[in-house]
Each structure stands twice: as structure tokens, then as C-alpha cells.
Amino acid sequence: MSQEKQVFSIDLAGRQLTVETSQLAKQANGAVLVRYGDTAVLSTATASKEPKNVDFFPLTVNYEERLYAVGKIPGGFIKREGRPSEKAILASRLIDRPIRPLFADGFRNEVQVVSIVMSVDQDCSSEMAAMLGSSLALSISDIPFEGPIAGATVGRINGEFVINPTVEQQEQSDIHLVVAGTKDAINMVEAGADQVPEETMLEAIMFGHDEIKRLIAFQEEIVQAVGKEKSEVKLYEVDADLNQTVREMSEKDMHSAIQVHEKHAREDAINEVKKRVIEHYEAQEADADTLGQVSEILYKIVKEEVRRLITVEKIRPDGRKGDEIRPLASEVGILSRTHGSGLFTRGQTQALSICTLGALGDVQILDGLGVEESKRFMHHYNFPSFSVGETRPMRGPGRREIGHGALGERALEPVIPSEKDFPYTVRLVSEVLESNGSTSQASICGSTLAMMDAGVPLKAPVAGIAMGLVKTGEHYTILSDIQGMEDHLG
């Protein structure tokens, strides 16, 4: 493969997108510079040479903002970038979700994908450039990645769909949709809308997928021209004889344990089966590798059995039908000194949301790469360890909490009254008190209650529900109001 700089171009929404390879960051396994209009993003992919001794795939995706990209010097005394902004964390999650499923099961080498935003044209999305760059960096590298993927932003103006709308077009759009996937299927959707029909949203998704197919064909041409041969890697596999023995020892009991309806009793029953099998091998003085394989087999048995029960026998772990919702309860005004509070409970999931109203001077000041300088509506989500009956250090919000907070904010923002009609800053905090799946949706329901309790004149009440699709072979089941086990194993 030539080490000289190579350039590839395509038209994207009326603006030129250019990919440059073989010039920058050549010690990474794969690297590309994506120019979209005047936006420039350097995306790299790097992998460890040997697998890590862990029971999961260690993938890290980072979207790094640099304020020089918009000609700014960071504020404060330090004058350099520190903790990633909320927007950067959300962009990292946005890129992570579509690429993570496209690595082989059993691949345990550490992989790091980094996109550095070096120049920003506000009308040319740096997030979409980074998503394409991340996919390309992996695809042209020797890392065994089963892509490429691509993403597109879809808006709708006066009934017409628009790909990657400009800032001005976004202000007029009643749909804000990000869709990503392969040339065959969609594997990530993130959206907000101004109360549009479901049919319209489905049309927008398919419109975005047509653009995704075109961008993937563009990437495949680049891979054909400059791609490296994929490395032969050793995938983690369990011993076949051990697998058969463990299954014979545990499958029948695991089948019964999984069908215990109450969450904690079910967890205890499953753990009892696991404990019995592991103690059997410990008594035989099995080494650490064997015990690790036993744990892996037991996990797969639980996963396979849960999925089989749901898709073939149409039995959910807690005994519900596919479209059945857990019992609901709600209450408002339970905190006397707050402006508004709402408690929402759905089965074993519970969220307490609190609404605080402030003057317009209380808006959040944003020091980032976007055109938006302040925000008058905020939704923050907290997930303490006691909500799942566990102990862990109490630290600041992680990526998941920031992502779930933004999800609720996106759902609620369209019904917040305008600054002219309601000249206040609105802050919502959702405290998850119990968790058995769908906590982000519970926080949306609780937040609606809290704002109504605080007297915020909402355009309409908003509720959220988590849906799931479980598929095994030709069988599939769509689930309403998924619980924790279904979310984890579905």
C-alpha cells in the first residue's frame, strides 16, 4: 500500500466531503482526515496486539473537541480543554452505538477510536464527519471490523426531508433525527420531533438509510484502494467438552430459575445455580482460566434461555405478555420546599423528579463548539447505586447518566413554553430510586409530573416507554416496557 497522501471526495447534501489518508497519524492502525465543508475531523483507530484478560470487549470511543476549531481560547484560569463537554460525551455515545455490534463475538483485544475535531463549519456536522471517519479508520485498518457503517442527520422543512440540515434549516425543521447503520440495516436511531406522526418518522428513517447506503459505497471504494489486510486474531472460545458438561449440569435448573417472576428472587435463584456449578469445579481445583470459562458458559446459558423463552414460548421473565405494562403509580407535591416534584413508579422502577424555576439569568452558559451560547431548559439524571441494591463509589455523572439526561431533555423540550410566554429558566433533576429497566423513560414521566406541579404551562404532557426487539433465528418478539434482564440480554 502506498504511503503517499490519497484524497477521495463525494457530494453530501450539496457540500463536498473529502477523505484524506496515508498522511496523518500513520502509527495508528487506521487514520483518516475527514473534511466536510470547512469542518475537519481526524479519526484514528488503534488496537492492542494481544487480547486482554477480561470477559467483555474493551472498546473506547472518544470524540474530542478542541476550541481552536472555532477560534476560541478556553475560559477560566487553566486555558486548556479539560473534562469533555456534554455535547462531546453525547457524540462519543452516538458513534459508539453503531460500531460496537460490528466486532466478532469473542474479540477481546482493546480497541480505541478517537476523533479530534480540528475545524468547525457550523453548517457541516462535525459529529457526522466523526462517525464516518471512525468507521473508515476501522475499515481501512487491520483491525477485524465488520463494517463499514455511516450516519446521517435528517430534518423536515415544509413537509420535505433534508439530509444534514444547516443551522438555519434546523431552526425551521420539525424533525431532528440521527440515523446510522450498515448498507443492509439500521442499528442506531436518535431523534426528537415536534409531535409528528409515527409514519412520518418511519419515512424519515428510510430516507436517511438511502443516504447511508451511498456513504457506505463511498467508504468501500476507499477500503478497496488503501485498506490493509485484516489481522488474524484469536477469538475467545470455551472448551467444547467443558461447555457440554456445564450445560448438562445447569440447563434444567437455569430454565426454572429464569422463570421466577420477582427480580431479586430470580437473581438469587440464578446465582444459586451458578454458585453450585462453580463450587463443583473449585472442588476439583480447576485453574482460573477454567473457572472463567465456566462463568462465560453460564452467562451464555442464561442469555440463550431468556431469548428462547421470549421468542419461541412467548414467556417473559416476570410472566407478562409482550405488550403488557407493569403496574403504574404516580404522586405529586411530595417535597414541600421544592417548586415542583413528581414521583413515578412502574413495577420495580421508580424515579423522583424535581422541577426548579429560575430567572433568565440562571441559564446554562455553553462554552463549546456550537452556535448555541446558553440553555434555559435542562434535565439532569442521577443513578445512585442503591437503586439496584449495590454499593459503589459516589462520583460525578458518567457517560450513561449524561446520555439518559439528554434523552429526557430531548423528549421534553418540544413542549416547554417559549421564553416570551414563560420567561423562566427550568431545571429538572430526576433521581432514580429503584431500577429494573426503563429508568430514562420513568424520568420523563416523573419530569412531566414535576413541571405540572410547578405550574409550568406545558404545550402537552409527555410520557416515555422503553421498547425492545428480541430475535432468535426466524423467531422474534417485540416487547413493551422492557425490564432490566430483557434490556441486558435482548
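Heads up, the final residue of the sequence shown is numbered 490 in full-length UniProt numbering, and it's a clean run with no missing numbers. Cβ coordinates follow ideal geometry from the N, Cα and C atoms, glycine included. For clarity, every value in this text was computed on a predicted model and none was experimentally measured.
Please name the residue in K183, V34, M188, A191 whose C-alpha comes closest to that of S134.
Within the sequence shown, the letter at position 134 stands for residue 134. Measuring from the Cα of S134, the nearest candidate turns out to be V34.
Within 10 angstroms of its Cβ, does L132 collect 16 or more other Cβ (buried), or is it exposed?
By 1-based counting over the sequence shown, the position of residue 132 is 132. Flag for L132 reads buried.
Could you pull the DSSP bridge partners for P51 from this structure?
Taking the sequence shown and counting its residues from 1, one reaches residue 51 at position 51. N109.
Under a Cβ-count criterion, where at least 16 other Cβ atoms within 10 Å of its own Cβ denotes burial, should M1 be classed as buried or exposed?
Mapped onto the sequence shown, residue 1 falls at position 1. With a pLDDT of only 46 at M1, under 50, the local geometry of the prediction cannot be trusted, and no value is derived from it.
What are the boundary residues of the alpha helix (DSSP H) that D11 is part of?
What you label residue 11 is simply residue 11 of the sequence shown in a count that begins at 1. Not the alpha helix (DSSP H): D11 falls in the beta strand (DSSP E), residues 6 to 12.
Please report the distance separating the alpha-carbon of M451 from that of E419.
Position 451 of the sequence shown holds residue 451. Position 419 of the sequence shown holds residue 419. Distance between the alpha carbons of M451 and E419: 16 Å.
Classify A137 as buried or exposed, calling it buried when 16 or more other Cβ atoms lie within 10 Å of its own Cβ.
Reading the sequence shown from its first residue, position 137 is the one you call residue 137. A137 comes out buried.
Out of D289, S9, E211, state which residue places its alpha-carbon closest to the alpha-carbon of D55.
Position 55 of the sequence shown, counted from the first residue, corresponds to residue 55. Ranking D289, S9, E211 by Cα distance to D55 puts D289 first.
Can you grab the Cα-Cα spacing for the pair T153 / Q169, in whole Å?
To locate residue 153, count along the sequence shown from 1; it is residue 153. To locate residue 169, count along the sequence shown from 1; it is residue 169. Approximately 12 Å between the Cα atoms of the pair.
Assuming M254 contacts I301 (C-beta within less than 8 Å), just tell me the rounded distance between them.
Numbered from 1 along the sequence shown, position 254 holds the residue referred to as residue 254. Numbered from 1 along the sequence shown, position 301 holds the residue referred to as residue 301. 5 Å between Cβ atoms; contact.
For K87, name the three-state secondary structure that DSSP assigns.
Here the question's residue 87 lines up with position 87 in the sequence shown. Three-state DSSP puts K87 in a helix.
Between the alpha carbons of A269 and A257, how many angstroms are there, rounded?
If you number the sequence shown from 1, residue 269 lands on position 269. If you number the sequence shown from 1, residue 257 lands on position 257. Roughly 5 Å separates the two Cα atoms.
Just to check my reading of the structure: I149 and I99 have Cβ atoms closer than 8 Å, yes? What is that Cβ distance to the nearest angstrom?
Numbered from 1 along the sequence shown, position 149 holds the residue referred to as residue 149. Numbered from 1 along the sequence shown, position 99 holds the residue referred to as residue 99. Right, the Cβ-Cβ distance comes to about 6 Å (below 8 Å), so this counts as a contact.
Any idea if D105 is buried or exposed, counting beta-carbon neighbours within 10 angstroms, 16 or more meaning buried?
Start at 1 with the first residue of the sequence shown, and residue 105 comes out as number 105. Answer is exposed; the Cβ neighbour count stays below 16.
When you compare each of L357, L489, R410 to A463 by their alpha carbons, which one comes out closest?
Here residue 463 is taken as the residue at index 463 of the sequence shown, counted from 1. Among L357, L489, R410, the Cα nearest to that of A463 belongs to R410.
Bridge partners of Y36, per DSSP?
Numbered from its first residue, the sequence shown carries residue 36 at position 36. L17, T39, per the DSSP bridge assignment.
L479: buried (16+ other C-beta within 10 angstroms of its C-beta) or exposed?
If you number the sequence shown from 1, residue 479 lands on position 479. That one is buried.
Would you list the one or two residues that DSSP bridges to Y476?
For this step, residue 476 is matched to residue 476 along the sequence shown. Partner(s): K471.
Between V312, Q27, V178, which has its C-alpha nearest residue 496's C-alpha?
Outside the shown range of the chain (1 to 490) lies residue 496, about which nothing can therefore be said.
DSSP three-state call for N382: helix, strand or coil?
Against the sequence shown, residue 382 aligns to sequence position 382. Of the three classes helix, strand and coil, the one that applies to N382 here is strand, per DSSP.
Which two residues bound the contiguous alpha helix (DSSP H) that contains S443?
For the purposes of this step, residue 443 is taken as residue 443 along the sequence shown, with counting starting at 1. Start and end: 439 to 454.
In chain order, what are the residue ranges of uninterrupted beta strand (DSSP E) at least 3 long that sit wholly in the UniProt domain "Exoribonuclease phosphorolytic" (147 to 210)?
150 to 157, 160 to 163, 175 to 181, 186 to 193
Could you say which of A193, I163, V162 lies nearest to I175 if we only look at CA atoms?
For the purposes of this step, residue 175 is taken as the residue at position 175 of the sequence shown. I175 has its Cα closest to that of A193, out of A193, I163, V162.
Using the rule of at least 16 other Cβ atoms within 10 Å of the residue's Cβ for burial, across every protein chain shown, is G82 buried or exposed?
Sequence index remark: in the sequence shown, residue 82 carries index 82 (1-based). It counts as exposed.
Rounded to a whole number of angstroms, what is the C-alpha to C-alpha distance between I354 and L449?
Here residue 354 refers to the residue found at position 354 of the sequence shown. Here residue 449 refers to the residue found at position 449 of the sequence shown. Rounded to whole angstroms, the separation of the alpha carbons of L449 and I354 is 9 Å.
Determine the direct distance from the alpha carbon of H264 to that of L309, and round the result to whole angstroms.
Within the sequence shown, numbered from 1, the residue matching residue 309 stands at position 309. Within the sequence shown, numbered from 1, the residue matching residue 264 stands at position 264. A direct Cα-to-Cα measurement between L309 and H264 gives close to 19 Å.
Out of Q293, F207, D287, which has the shortest C-alpha to C-alpha gap to R247?
On the sequence shown, position 247 is the one that residue 247 refers to. For R247, the nearest C-alpha among the options comes from Q293.
Take every Cβ of the segment 22 to 31, pair it with every Cβ of the segment 67 to 75, and state whether three or more of those distances are shorter than 8 Å.
no
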